[in-house]
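Here the protein sequences line up with chains Z and E, keeping their order.
In terms of numbering that gives the first Met the number 0, the first sequence opens at residue 0 and continues consecutively.
In terms of numbering that gives the first Met the number 0, the second sequence opens at residue 0 and continues consecutively.
The beta carbon of each residue, even a glycine, is placed where N, CA and C say it ideally should be.
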Amino acid sequence: MSIRQQIINILDTELKKILKANGYNTDVGKNVYAWRDNPLTKNELPGLIYRDALNRKASVSIVGKFRWVLRIEVAVFGTSANEIRAAIEDVLNVIGNCENTKWGGYAQDTILADGDEMAVEKHDIETGAAIVSFEVIYDADQWRM
Amino acid sequence: MFYDSDLGIFFTDFAQMATYTPQGGTSSTIPVILSTTYQVAVDIDGFAGVSGYKIIVEAKTTDVPNVKVNDTIIIKDKTYYITEIQQTDFGTTKLTISEVL
Chain Z
0 MSIRQQIINI LDTELKKILK ANGYNTDVGK NVYAWRDNPL TKNELPGLIY RDALNRKASV
60 SIVGKFRWVL RIEVAVFGTS ANEIRAAIED VLNVIGNCEN TKWGGYAQDT ILADGDEMAV
120 EKHDIETGAA IVSFEVIYDA DQWRM
Chain E
0 MFYDSDLGIF FTDFAQMATY TPQGGTSSTI PVILSTTYQV AVDIDGFAGV SGYKIIVEAK
60 TTDVPNVKVN DTIIIKDKTY YITEIQQTDF GTTKLTISEV L
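In structure tokens form, the structure reads like this:
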């Protein structure tokens, strides 16, 4: 299994732990999806979709390795601006926990790329979303990821 | 052709009753036609978004001559806020409504 896949597996596991019962602000961990391309339903709120959209090779690597910068985007969805802000903090908390363990020893560093981008719309009900983007820097053997 | 008299028949046959209340005004019971349109909310940055729908009620323009955004309408015991107003050329006014202000 690639290091990239190991990192994603850790992320998926940790995101699913975002439950009020575990001390988080929200229960967004009940509805975690990777690369989902059909809209969430109201019954799946709060929820989140994550994607590892870009894996960029760094220009400088240590000898015998490829250094990768894996960009991950997490979109959280909820029914109010307050809920979205709470979920953003939960996701940041998860990223921080993963960084503390260097993603189970698979990564060198984590960078919060752009903070977050948030939107709220009012249709039949209020619906909000925010995207949190971050980058995980890791080394793999040459021609591996 | 669609005549004013047809409008009355149309609302008599298909409408349901709703309570319309202008801000600072008096409530009135009016016939409205309710419809919904599928739409996806907050589909930001290529993410899938949340499936939902837009609720539109159509009323006779004579029943809501001075309607304004944020006036309320009660349908089946649920209160909605008017978020968009569109007058048609057929003597009706379409009101987009939301559960939230």
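Within 7 Å, strictly: CB atoms of residue i and residue j
{"i": "L91(Z)", "j": "V73(Z)", "result": "no"}
{"i": "A17(E)", "j": "I81(E)", "result": "no"}
{"i": "T126(Z)", "j": "V63(E)", "result": "no"}
{"i": "V119(Z)", "j": "A80(Z)", "result": "yes"}
{"i": "V68(E)", "j": "K121(Z)", "result": "no"}
{"i": "V27(Z)", "j": "V59(Z)", "result": "no"}
{"i": "T100(Z)", "j": "V135(Z)", "result": "no"}
Boundaries (first-last residue) of the beta strand (DSSP E) holding residue i
{"i": "L33(E)", "result": "S27 to A40"}
{"i": "L69(Z)", "result": "K64 to G77"}
{"i": "L94(E)", "result": "T91 to S97"}
{"i": "A121(Z)", "result": "Strictly speaking, residue 121(Z) in this sequence is Lys, with Ala absent from that position. Unbroken beta strand (DSSP E) run through K121(Z): D108 to K121."}
{"i": "L91(Z)", "result": "Taken as a continuous stretch (DSSP letters only), L91(Z) belongs to no beta strand (DSSP E), being part of the alpha helix (DSSP H) at A80 to N99."}
Residue from the options whose Cα sits closest to the Cα of residue i
{"i": "N96(Z)", "options": "Y23(Z), V62(Z) and M0(Z)", "result": "Y23(Z)"}
{"i": "A86(Z)", "options": "I7(Z), Q4(Z), D11(Z) and L18(Z)", "result": "L18(Z)"}
{"i": "R50(Z)", "options": "I136(Z), K16(Z) and D11(Z)", "result": "D11(Z)"}
{"i": "G45(E)", "options": "V59(Z), N30(Z), D36(Z) and E43(Z)", "result": "D36(Z)"}
{"i": "L111(Z)", "options": "N99(Z), S132(Z) and I124(Z)", "result": "S132(Z)"}
{"i": "K41(Z)", "options": "V135(Z), D123(Z), E88(Z) and S60(Z)", "result": "D123(Z)"}
{"i": "G114(Z)", "options": "F76(Z), R143(Z), W142(Z) and I71(Z)", "result": "I71(Z)"}
{"i": "V31(E)", "options": "I8(E), V68(E) and I43(E)", "result": "I8(E)"}
{"i": "A33(Z)", "options": "D26(Z), A52(Z) and V135(Z)", "result": "A52(Z)"}
{"i": "E88(Z)", "options": "T25(Z), N54(Z) and K15(Z)", "result": "T25(Z)"}
{"i": "T25(E)", "options": "I72(E), D5(E) and D12(E)", "result": "I72(E)"}
First through last residue of the alpha helix (DSSP H) which encompasses residue i
{"i": "R3(Z)", "result": "I2 to L14"}
Cβ separation of residue i and residue j, assumed to be a contact under 8 Å, to the nearest whole Å
{"i": "E116(Z)", "j": "A129(Z)", "result": "6 Å"}
{"i": "A47(E)", "j": "I29(E)", "result": "Going by Cβ atoms, the distance from A47(E) to I29(E) rounds to 38 Å, so no, they are not a contact pair."}
{"i": "I9(Z)", "j": "A139(Z)", "result": "That belief does not hold up - the Cβ atoms of I9(Z) and A139(Z) are roughly 15 Å apart, past 8 Å."}
Chain-order list of residues whose beta-carbon lies under 8 Å from that of residue i (same chain, five-residue window excluded)
{"i": "I55(E)", "result": "L33, S34, T35, T36, K93, L94, T95 and I96"}
{"i": "E13(Z)", "result": "V93, N96 and C97"}
{"i": "V39(E)", "result": "A47, G48, V49, S50 and G51"}
{"i": "Y137(Z)", "result": "I2, R3, I6, R66, W67, L69, W102, Y105, A106 and Q107"}
{"i": "M144(Z)", "result": "S1, I2, R3, N54, F65 and W67"}
{"i": "G63(Z)", "result": "D140 and Q141"}
Other residues of its chain near residue i: CB distance less than 6 Å, five sequence neighbours each side excluded
{"i": "P21(E)", "result": "D70"}
{"i": "Q184(E)", "result": "With chain E covering only 0 through 100, there is no way to say anything about residue 184(E)."}
{"i": "E107(E)", "result": "Look at the range of chain E in this structure, 0 to 100, and you will see that residue 107(E) is not part of it."}
{"i": "S27(E)", "result": "Y19"}
Cβ neighbours of residue i in the same chain (closer than 7 Å, five flanking residues each side left out)
{"i": "T87(E)", "result": "K93"}
{"i": "G77(Z)", "result": "L44, P45, I83, A86 and G127"}
{"i": "G90(E)", "result": "D3, L6, K59 and T60"}
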